[in-house]
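Participant: Residue numbers (my numbering): 2 to 233. Glycine included, each C-beta is placed from N, C-alpha and C at the ideal position. Got a structure for you, written out below as structure tokens; questions coming shortly.
Structure (structure tokens):
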């Protein structure tokens, strides 16, 4: 029950955002019959840029969504994703088979970690604004004219609380949670992406979910009534 609740809330909170192209988190779209991944990879490894671009178009939404959830910042996530795609093209010759998605996401997450480490060494003070239209969490298209304003505000507050809680997780737990409970990847895909053992993936995910559960217990007033947790 707890796991399904957390996954529902994580996916729901992710859907409040607009994405790179479209920022709402969703699974990688099913491959079209004309999308021959193996052939495109082979061509890209020979230096054929259009083939590599087709691969990137297929995975860019997934890559950006993962980067955003790891970094909690729109612009940093977009920059990290673009940097990762450049690295992927430079390293495409090193790809030796297996899940291309996992290979690509490993480059994306490692690029995010590098960026976060660099920012910790060189902290910056963000500019603040009281203008809602300059708030990255604000999007007038998300306002449901049928929904009461107070309900919309509570949904926005819960989404913000969830993202803050995700951002406070250690990077390895954060990435594991994002890949499992938002992107719906299985344990083996996550292990391949993160270059770790299945047991490590399971333990990281368990710890991350426990911390988010504690967060939800502290903010139950923001939850829809049917999803409020008990104290036990």
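So, residue 108 versus residue 81, is the Cβ gap smaller than 7 Å?
Facilitator: Taking the first residue of the chain shown as position 1, residue 108 is located at position 107. Taking the first residue of the chain shown as position 1, residue 81 is located at position 80. Cβ distance not < 7 Å, so residue 108 and residue 81 don't count as in contact.
Participant: With burial defined as no fewer than 16 other Cβ atoms inside 10 Å of the residue's Cβ, what is the status of residue 115: buried or exposed?
Facilitator: Start at 1 with the first residue of the chain shown, and residue 115 comes out as number 114. Exposed, by the Cβ-count rule.
Participant: Select from 59, 191, 192, 122 the residue whose C-alpha is nearest the C-alpha of residue 35.
Facilitator: Taking the chain shown and counting its residues from 1, the one referred to as residue 35 is at position 34. The shortest Cα separation from residue 35 among 59, 191, 192, 122 belongs to 59.
Participant: Along the chain, where does the alpha helix (DSSP H) that runs through residue 202 open and close?
Facilitator: Looking up residue 202 in the chain shown gives position 201. Unbroken alpha helix (DSSP H) run through residue 202: 199–219.
Participant: Could you check what DSSP says for residue 74 in three-state terms: helix, strand or coil?
Facilitator: For the purposes of this step, residue 74 is identified with residue 73 of the chain shown, where counting begins at 1. Residue state, collapsed to three classes: coil.
Participant: So, helix, strand or coil for residue 80, using DSSP?
Facilitator: Along the chain shown, read from residue 1 onward, the residue named residue 80 stands at position 79. If DSSP states are grouped into helix, strand and coil, residue 80 belongs with the helices.
Participant: Have a look at 38, 63, 47, 49 and flag the residue whose alpha-carbon is nearest the alpha-carbon of residue 184.
Facilitator: For the purposes of this step, residue 184 is taken as the residue at position 183 of the chain shown. Considering only alpha carbons, the answer is 63.
Participant: Any idea what DSSP makes of residue 36, helix, strand or coil?
Facilitator: The residue given as residue 36 occupies position 35 in the chain shown. Three-state result, residue 36: coil.
Participant: Within this structure, are the beta carbons of residue 210 and residue 177 separated by less than 7 Å?
Facilitator: For the purposes of this step, residue 210 is taken as residue 209 along the chain shown, with counting starting at 1. For the purposes of this step, residue 177 is taken as residue 176 along the chain shown, with counting starting at 1. No, they are not a contact pair.
Participant: Output the distance between the C-alpha atoms of residue 187 and residue 104, rounded to the nearest integer angstrom.
Facilitator: Position 186 of the chain shown, counted from the first residue, corresponds to residue 187. Position 103 of the chain shown, counted from the first residue, corresponds to residue 104. Roughly 15 Å separates the two Cα atoms.
Participant: Find the nearest neighbour of residue 99 within the set 190, 219, 207, judged by alpha-carbon distance.
Facilitator: One-based indexing of the chain shown puts residue 99 at position 98. Checking every option, the nearest Cα to that of residue 99 belongs to 190.
Participant: Is the distance from the Cβ of residue 84 to the Cβ of residue 112 below 7 Å?
Facilitator: Taking the first residue of the chain shown as 1, we reach residue 84 at position 83. Taking the first residue of the chain shown as 1, we reach residue 112 at position 111. Yes, the Cβ-Cβ distance between residue 84 and residue 112 is below 7 Å.
Participant: Mark residue 215 as exposed unless 16 or more other C-beta atoms lie within 10 angstroms of its C-beta, in which case mark it buried.
Facilitator: Against the chain shown, residue 215 aligns to sequence position 214. Classification for residue 215: exposed.
Participant: Assign residue 174 to buried or exposed, taking buried as 16 or more other Cβ atoms, counted over all protein chains shown, within 10 Å of its Cβ.
Facilitator: For the purposes of this step, residue 174 is taken as residue 173 along the chain shown, with counting starting at 1. By the 10 Å Cβ count, residue 174 comes out buried.
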